[in-house]
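UniProt numbering puts the sequence shown at residues 1 to 139.
Every residue, glycine too, gets a C-beta built ideally from N, C-alpha and C.
First comes the structure, then the notes that go with it.
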Amino acid sequence: MVHTHNLDTDKIWDPINFNGSQAYSDSKLAMILFTFKLDRIVNGITVNCLHPGVINTKLLRQGWGAGGSSVEKGAVTPVYLALSDEVKEESGGYYVNKQKKKPIEAAFKQELQNQLWNKSIEMIKYQEILNKIPDQFLN
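Structure, rendered in structure tokens:
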């Protein structure tokens with residue numbers, strides 16, 4: 001899985017050390033970290049994340065020179081999570097091929113989730129945006 005590494009929250013915003021492949025991998029772990037953090041702080045809303053598979057996109061072809069599954073196949077899990085009664089009460093999960101899977105252990109580290117969340121809030125430069133964010137999301 002492309003998210004199988006740890007995340008250094010200080011380096012991911014460092015333009016001097018930018019690496020496109022690493023940034024892509026970091027974004028996949030960040031997605032899972034954000035989902036798990038959000039699940040802990042919201043009530044009454046289900047939040048899940050997923051891996052759609054290796055999909056034949058422009059990014060895949062240009063970045064890795066390969067093709068993948070169809071976009072239609074990639075849409076199966078997101079549509080399932082959005083519409084299926086089987087998972088309508090499920091929250092805080094990571095799904096692959098409509099199945100709940102366990103991501104890398106780093107995804108469960110609440111300290112890392114909090115670091116990424118807080119660093120993201122810190123990076124928001126516009127006060128008018130910060131003023132619209134409820135306090136429960138800023139801690």
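Quiz item: Is Trp117 buried or exposed, if buried means 16 or more other CB atoms sit within 10 Å of its CB?
Solution: Working through the sequence shown from its first residue, we reach residue 117 at position 117. It is buried - the Cβ of Trp117 has at least 16 other Cβ atoms within 10 Å.
Quiz item: In whole angstroms, what is the alpha-carbon distance linking Val79 and Pro52?
Solution: Numbered from 1 along the sequence shown, position 79 holds the residue referred to as residue 79. Numbered from 1 along the sequence shown, position 52 holds the residue referred to as residue 52. About 10 Å.
Quiz item: Buried or exposed: where does Leu29 fall if 16 or more other Cβ atoms within 10 Å of its Cβ makes it buried?
Solution: Numbered from 1 along the sequence shown, position 29 holds the residue referred to as residue 29. Leu29 counts as buried, since no fewer than 16 other beta carbons sit within 10 angstroms of its beta carbon.
Quiz item: Among the residues of its own chain, which have a CB less than 8 Å from the CB of Leu7, if the five just before and after it don't count?
Solution: As a working note, residue 7 is residue 7 in the sequence shown. The beta carbon of Leu7 is closer than 8 Å to those of Asp26, Leu29, Ala30, Leu33, Ala106, Leu112, Leu116 in its chain, skipping five residues each way along the sequence.
Self-check item: Own chain residues within Cβ distance below 6 Å of Gly68, not counting five before or after
Solution: Counting from one through the sequence shown, the residue named residue 68 turns up at place 68. Hits under 6 Å: Val54, Ile55, Asn56, Leu60.
Quiz item: Can you tell me the Cα-Cα spacing of Ile16 and Ile124, whole angstroms?
Solution: The sequence position of residue 16 within the sequence shown is 16, counting from 1. The sequence position of residue 124 within the sequence shown is 124, counting from 1. Taking the straight line from one Cα to the other gives about 20 Å.
Self-check item: DSSP state of Asn56 mapped onto helix, strand, coil
Solution: The count along the sequence shown starts at 1 and reaches residue 56 at position 56. It is coil, neither helix nor strand.
Quiz item: Roughly how many angstroms lie between the CA atoms of Lys37 and Pro103, to the nearest whole one?
Solution: In the sequence shown, residue 37 corresponds to position 37, counting from 1. In the sequence shown, residue 103 corresponds to position 103, counting from 1. Roughly 14 Å between the two C-alpha positions.
Practice problem: Report yes if the CB atom of Thr46 is closer than 7 Å to the CB atom of Ser84, and no otherwise. | Solution: Counting from 1 along the sequence shown, the entry for residue 46 is found at position 46. Counting from 1 along the sequence shown, the entry for residue 84 is found at position 84. Taking the C-beta atoms as reference points, Ser84 is found no nearer than 7 Å to Thr46.
Exercise. Would you tell me roughly how many angstroms separate the C-alpha atoms of Lys58 and Val42, rounded to the nearest one?
Key: If you number the sequence shown from 1, residue 58 lands on position 58. If you number the sequence shown from 1, residue 42 lands on position 42. Each residue's Cα considered, the two are about 34 Å apart.
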